[in-house]
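Trainee: Take this structure, written in structure tokens, and hold onto it; I'll ask about it next.
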């Protein structure tokens, strides 16, 4: 994956630089039973140190944009954390140019947009989180840069993983994520916060409920999820799974290659 930072420079222009962002790495055995105890209330819930966002929105750009402006690229916010779900996003500032593909990230500062050109390939899909001025926060304990992208060549895999009435988890399509007309941003959806996590090759979490509603966006590696009926879905960079099976039997996680995920926590009443 690639991560870039579009910022305003000292001459009131714009420049591109590598983006280093905080990632929580989980290594070693992960106790699935602890998830089950927290889901039933036997153990108290964990309080995660989530980064804050003013909302999540998406856009589907059916037509190619050669150069110029993608509509309202930064929104009404100081910074916009933009993740490429499908297609390619091009950012040009003077002699600098970056081409971002599935699973890549761009932190876009609103005050730099006027000095940059944006283009995209046909069918590009973007997901964006509205941020304050101070993200990524200074002094974060873990910052890593990853460039080991293994994106799949097919269309992005967009799924919901839900709990049925029998307390078991199943997949269904997640068409709601890009339901707005082409070229129009979806209405911002309130979120409780977000974080980045990484897992080693071979990482494994046995049957467990999600406890909270997590919108998981795959940035690197392959995340394999198994549902109650034996269905297995493979999520590559740019793929998205909304895990909303907060209680019940849950699902299995397997990680292939060094895996990095963006996890956005969303309250049940705010779901699609």
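Numbering (the working numbering), first residue to last: 71 to 342. The beta carbon of each residue, even a glycine, is placed where N, CA and C say it ideally should be. Remember, it's a predicted structure, so these values are computed and weren't measured experimentally.
What would DSSP say about residue 104, mapped onto helix, strand or coil?
Mentor: The answer is helix: DSSP assigns residue 104 an H, G or I state.
Trainee: For residue 343, is the classification buried or exposed, using 16 other Cβ atoms within 10 angstroms of its Cβ as the cut-off for buried?
Mentor: In the structure as shown, the chain begins at 71 and stops at 342. Residue 343 is therefore absent and cannot be evaluated.
Trainee: Take the Cβ of residue 167 as the centre, count every other Cβ of all protein chains shown within 10 Å, and call the residue buried at 16 or more, exposed below.
Mentor: That one is exposed.
Trainee: Kindly indicate which three-state DSSP category residue 147 falls into: helix, strand or coil?
Mentor: Note: residue 147 maps to coil in three-state DSSP.
Trainee: Which word fits residue 209, buried or exposed, when buried means at least 16 other C-beta atoms lie within 10 angstroms of its C-beta?
Mentor: Residue confidence for residue 209 is low, a pLDDT of 44 falling below 50, so the modelled location carries little weight; the figure read from the coordinates is stated next. Its Cβ having fewer than 16 others within 10 Å, residue 209 is exposed.
Trainee: Got a sec? Which residues, its chain only, sit under 7 angstroms from residue 282 by beta carbon, not counting five neighbours each side?
Mentor: These residues qualify, in order along the chain: 316 and 335.
Trainee: Would you list, in sequence order, the uninterrupted beta strand (DSSP E) runs of no fewer than 3 residues that lie entirely inside the region 256-307?
Mentor: The region 256-307 contains these whole beta strand (DSSP E) runs: 263-269, 274-278, 284-296 and 302-305.
Trainee: Exposed or buried, what is residue 339 when buried is set at 16 or more other beta-carbons lying within 10 Å of its beta-carbon?
Mentor: Exposed, because fewer than 16 other Cβ atoms sit within 10 Å of the Cβ of residue 339.
Trainee: Looking at residue 177 and residue 89, is the spacing between their C-beta atoms short of 8 angstroms?
Mentor: For residue 89 and residue 177, yes; Cβs fall inside 8 angstroms.
Trainee: From the DSSP output, in three-state form, read off residue 248 for me.
Mentor: In the structure shown, residue 248 sits in a helix (DSSP, three-state: H, G or I).
Trainee: Strictly under 8 angstroms for the Cβ-Cβ distance: is residue 138 near chain C by that measure?
Mentor: Protein chain content of the structure displayed is limited to a single chain, and chain C is not contained in it.
Trainee: Please state the DSSP three-state secondary structure of residue 185.
Mentor: Helix at residue 185.
Trainee: Looking only at its own chain, which residues have a Cβ that is under 6 angstroms from the Cβ of residue 87, when we skip the five neighbours before and after it?
Mentor: Here the set comprises 75.
Trainee: From which residue to which residue does the beta strand (DSSP E) around residue 88 run?
Mentor: Segment 84-88, the beta strand (DSSP E) holding residue 88.
Trainee: For the region 187-206 against the region 103-115, are there 3 or more C-beta pairs whose distance is under 8 angstroms?
Mentor: Too few Cβ pairs lie closer than 8 angstroms, so no.
Trainee: Can you check which of these residues, 279, 324 and 296, is closest to residue 108 by C-alpha distance?
Mentor: Of 279, 324 and 296, the residue nearest in Cα terms is 279.
Trainee: Where does residue 224 fall in DSSP's three states?
Mentor: Looking at residue 224 - three-state DSSP - the assignment turns out to be coil, as it is neither helix nor strand.
Trainee: When you compare only the Cα positions, how much space is there between residue 300 and residue 146?
Mentor: Going by the C-alpha atoms only, they are around 43 angstroms apart.
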